[in-house]
Amino acid sequence: MSVSERLAAIAAIGRDDARGGYSRHLLEPADLRLREWFRSTAQDLGLSVEVDGNGNLWAWWGEDRTGAVATGSHLDSVPGGGAYDGPLGVVSAFEAVAILRAEGWSPARPVVVCAFAEEEGSRFGMPCLGSRLMVGEIEPAEALRRADRDGTTLEQAWREAGLAVSSLGPDAGRLAALDVFVELHVEQGRDLEDRGLPLAVSSSILAHGRWRLSVHGEGNHAGSTPMAGRRDPVVAAAAAILAVRQVALERPAARGTVGRVSVTPNGTNVIASRVDAWLDIRGGSDAQVREQLDVTLELIRARVADEGCRLEVEEESFSSLVAFDEPLTRRVASTLGDLPAIPTGAGHDAGVLSAYLPCAMIFVRNPTGVSHAPEEAARDEDCEAGARALAAVLRELAGTPVR
Ligand code: GLV
Ligand code: MN
Ligand code: MN
């Protein structure tokens with residue numbers, strides 16, 4: 550098989566008919582089908598599959614469970630996301646195993662293909678939920694309380710999927726079993742296209758925080774309420790969103806985005822009573838993100854007060870700046886003929902895990918440069934080159950000691 554054929558096998562799962570692209574959210578039907586696909590693909594390759602207590606999937610090559618070389622990514626998507634963000638890394642990991650098996654090569658240390666749960670945070674609001682739970686960066690009780698857009702809690706979703714709520718939480722044994730993690734991913738910008746190169750390694754990930762802004766106003770009748778004296782949270786939220794952009798534009802390389810808004814009760818002839826808006830800020834250091842947040846919130850508070858509304862702010866997640874392990878990254882880059890190392894603004898499970906073990910990433914060229922959208926792209930020949938590169942990296946890392 551090839552990467553393209555493996556991607557074709559899951560191409561019908563979780564299509565988003567409204568936006569195009571894919572909406573594959575944790576433990577919803579599409580995700581459950583992808584989990585089944587993971588299991589059967591792994592079994593076809595002779596790997597033994599397990600689901601850990603945090604809903605992450607593992608497919609082991611080799612009996613031993615220590616000193617493993619892990620590779621993989623995630624299968625969930627953002628709402629209306631592309632076909633490659635996540636699945637390319639999982640599919641390429643399986644293809645790399647298939648390439649190595651076809652060569653008759655077998656690893657001196659275990660190789661494990663993994664798919665982390667809810668990397669995007671699209672259903673329960675916490676990016677890299679599965680890897681964060683595994684390393685103990687979120688309290689299980691806090692995770693279980695989180696609710697999706699329909700009010701279903703993680704606890705309910707977990708039970709409905711037949712998973713054990715009591716198993717959620719830090720998994721020190723598993724973490725200790727991993728010596729190194731290499732995540733292959735579609736590039737989420739145009740750097741490689743502009744350089745005319747199919748592959749790169751990653752040097753770093755921007756610091757990143759997400760906040761929920763709740764603006765409370767006074768619901769009323771759109772016709773009988775005079776314009777003067779309204780306390781309209783939609784107007785306040787609109788001003789707040791403009792402030793987010795203004796502050797980000799004033800800072801080099803900063804990002805500030807509101808990509809999700811929820812209006813209550815959301816009626817055409819109703820002045821809303823509440824607006825929730827989700828703020829995503831990214832920057833070149835943790836301090837830079839915090840400073841940008843402070844300045845943004847100061848402006849937002851003033852604009853919300855001007856409208857006679859009230860603001861509540863809740864931090865949903867914070868991910869510190871990641872600098873990938875240099876020796877490992879150099880080793881991966883030189884195994885592949887001296888690939889360049891490029892930074893990224895997108896979050897990854899490799900970023901979470903890099904605080905605990907050496908991690909590296911391989912990026913595959915994206916000709917559109919678009920991601921988190923149906924237009925995300927990767928050429929077939931680049932995907933195959935990515936799987937061959939990953940096979941070479943596994944041959945290198947799983948054939949000799951890593952550290
Ligand atoms: C995930 O891809 C993110 O960067 O938000
Ligand atoms: Mn991803
Ligand atoms: Mn993503």
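Residue numbering for the sequence shown follows the working numbering, beginning at 550 and increasing consecutively. We put the beta carbon where it would ideally sit given N, CA and C, even for glycine.
Cβ neighbour criterion (16 or more within 10 Å) applied to residue i
i, result
"Gln-841", "buried"
"Gln-795", "exposed"
"Glu-930", "exposed"
"Thr-917", "exposed"
"Pro-814", "exposed"
"Met-776", "exposed"
"Glu-585", "exposed"
"Ala-721", "exposed"
"Ser-626", "buried"
"Thr-949", "exposed"
"Glu-856", "buried"
"Val-684", "buried"
"Asn-818", "exposed"
"His-921", "buried"
"Gly-570", "buried"
"Ala-557", "exposed"
Cα-Cα separation between residue i and residue j, rounded to whole angstroms
i, j, result
"Arg-944", "Pro-656", "7 Å"
"Gly-638", "Val-646", "12 Å"
"Glu-688", "Ser-866", "12 Å"
"Ala-851", "Glu-799", "18 Å"
"Glu-925", "Gly-630", "8 Å"
"Ala-579", "Ile-559", "10 Å"
"Ser-553", "Glu-644", "10 Å"
"Ala-726", "Ala-632", "31 Å"
"Phe-600", "Ala-934", "The question names Phe, yet the displayed sequence has Val at residue 600. One C-alpha to the other measures close to 29 Å."
"Ala-617", "Ala-756", "28 Å"
"Arg-564", "Val-844", "39 Å"
"Asp-887", "Val-764", "50 Å"
"Pro-782", "Arg-804", "24 Å"
"Ser-680", "Pro-719", "9 Å"
"Ser-622", "Gly-635", "5 Å"
"Tyr-905", "Ala-619", "13 Å"
"Arg-880", "Val-750", "10 Å"
DSSP bridge partner residues for residue i (one or two, in chain order)
i, result
"Arg-761", "Trp-827 and Glu-863"
"Phe-665", "His-623"
"Trp-609", "Ser-597 and Val-661"
"Asn-769", "Ile-820"
"Leu-515", "Here the chain has residues from 550 to 952 only, and residue 515 is not among them."
"Ala-617", "Leu-727"
"Leu-748", "Val-913"
"Val-871", "Ile-754"
"Ala-851", "Looking at the DSSP assignment, Ala-851 forms no beta bridge with any residue, so it has no partner."
"Thr-806", "Asp-829"
"Thr-702", "Ala-696"
"Ile-891", "Ser-751"
"Val-812", "Val-824"
"Arg-564", "Tyr-571"
"Gly-630", "Tyr-571"
Contact test: residue i Cβ vs ligand 4 heavy atom, cutoff 7 Å
i, result
"His-921", "Because ligand 4 does not appear in the structure shown, any question about it cannot be addressed here, the ligands present being ligand 1, ligand 2 and ligand 3."
Inset, instruction - Please write down, chain order preserved, every residue whose beta carbon lies under 5 Å from a heavy atom of ligand 1. - result: Ala-895 and Gly-896
Inset, instruction - Report all residues for which the CB-ligand distance to some heavy atom of ligand 2 is below 5 Å; order them along the chain. - result: Asp-634 and Gly-635
Inset, instruction - Report yes or no: do three or more beta-carbon pairs, one from the segment 726-745 and one from the segment 912-920, lie closer than 8 Å? - result: yes
Legend entry - At least 3 beta-carbon pairs within less than 8 Å: the segment 863-878 vs the segment 739-747: no
Inset, instruction - Count the C-beta pairs between the segment 882-899 and the segment 704-711 that are closer than 8 Å, then say yes if the count reaches three, no if not. - result: no
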